[in-house]
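Visitor: Here it is, the structure in full.
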Amino acid sequence: MTVMHPLAGDYLRHLERTARVLPHRQRDELVAEIRSHLDAGLPPDASEADVRNLLDELGTPTDIVAAAQPDRAPARRGAREVIALILLVAGVPLVLGWLVGVALACWSPLVVVAREAGRHRAVSRHPGRDRSPRFSDRRGSRTRAGV
Amino acid sequence: MVVPGDVLSQLRRGALEYCVLGLLADEERYGFDIARTLGSIDGMVTGQGTLYPLLSRLKKDGYVATTWRESETGPPRKYYAITPSGRRALRDFADQWRLFRDAVDAILPEEPN
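Sequences listed follow chains A and B, in order.
Just so we're aligned, residue -16 is where the first sequence starts under this note's numbering, counting upward by one.
Just so we're aligned, residue 472 is where the second sequence starts under this note's numbering, counting upward by one.
Pasting the structure below:
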């Protein structure tokens, strides 16, 4: 390979970076083809104007890489975006609805009553410790008073 | 409705790969030669570099085959040659193209204002 003009070298490096979106083999093949295009098109004594003209004719690395991407890719991405959008839009009322449901449930009189009932049940679950001694005390005092 | 600039690019998109096959119908050529020849025809390609992905697709589809050949002036060159299936595709396209071209010509006014 002949020594590459700095401008052509810059162009190839730019192309290599841009082509990272392509599969490995495809990228290597594309860069190799453009490299040999530059080799074939530029004599060793090529002037800067020659190089610039050849690079202009080639087009930008962005255009070349875009041509290497299959036409189906944007369509597939489009479908994915549409589904994401539907889920996002549909998901907002779902999440909001769930939060509203929780809030309504918390303030619902039915739930408040049920919660109160639950608290009473919790208290009456240990009646022995709470009431029985008091009853027996009272009974005891009564008997004592009776004596 | 497409704007005029897009008409050419849409026509080109459909026909360019067959123009490449047509260019290879009589002789094998290397990439630079193909790019230069098509690039010199007005309106055929926007950037010559975009032909290389096209050549790569034609190869993947089995319409062209490649061979490396030594060059007298520099590194070896990859030559593209049309395959029998590429030749069939080219013939089919040429038939369709002539029908289509004649149909469009029959409808379009001779001297559009």
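All C-beta atoms in this analysis are idealised placements derived from N, C-alpha and C, irrespective of residue type, glycine included.
Quick check on B/V535: does DSSP put it in helix, strand or coil?
Guide: Of the three classes helix, strand and coil, the one that applies to B/V535 here is strand, per DSSP.
Visitor: Roughly how many angstroms lie between the CA atoms of A/L41 and A/S19, to the nearest whole one?
Guide: Roughly 12 Å between the two C-alpha positions.
Visitor: Between the segment 488 to 508 of chain B and chain A, which residues of the former have a C-beta closer than 7 Å to a C-beta of the latter?
Guide: Residues passing the 7 Å Cβ filter: G502, F503, A506.
Visitor: If the cut is a Cβ gap below 7 Å, which residues of chain B does A/H20 touch?
Guide: Going along chain B in sequence order, the residues near A/H20 (Cβ under 7 Å) are G502, F503, A506.
Visitor: For the pair the segment 547 to 567 of chain B and the segment 493 to 500 of chain B, tell me if three or more CB-CB distances fall below 8 Å.
Guide: Touching, yes, given that three or more Cβ pairs across the two stretches are closer than 8 Å.
Visitor: In chain order, what residues of the same chain have a beta carbon less than 6 Å from the beta carbon of B/F564, not counting five sequence neighbours either side?
Guide: Result list for B/F564: Y489, in chain order.
Visitor: Which class does B/I464 belong to by DSSP, given the choice of helix, strand or coil?
Guide: Residue 464 of chain B lies beyond the stretch modelled for chain B, which goes from 472 to 584, so this question has no answer here.
Visitor: Please name the residue, chosen from B/I578, B/R540, B/V491, that lies closest to B/M515 on a Cα-to-Cα basis.
Guide: Of the candidates B/I578, B/R540, B/V491, the one whose C-alpha sits nearest the C-alpha of B/M515 is B/V491.
Visitor: Output needed in chain order: residues of the segment 513 to 529 of chain B with a Cβ under 9 Å from some Cβ in chain A.
Guide: Listed in sequence order: V516, T517, G518, Q519, G520, T521, L522, Y523, P524, L525, L526, S527, R528.
Visitor: What residues in the segment 534 to 564 of chain B bring their beta carbon closer than 9 Å to a beta carbon of chain A?
Guide: Hits within the stretch, in order: S542, T544, G545, P546, P547, R548, K549.
Visitor: Taking 8 Å as the cut-off, decide whether the C-beta atoms of A/L25 and A/Y(-6) are in contact.
Guide: Not a contact, by the Cβ cut-off of 8 Å.
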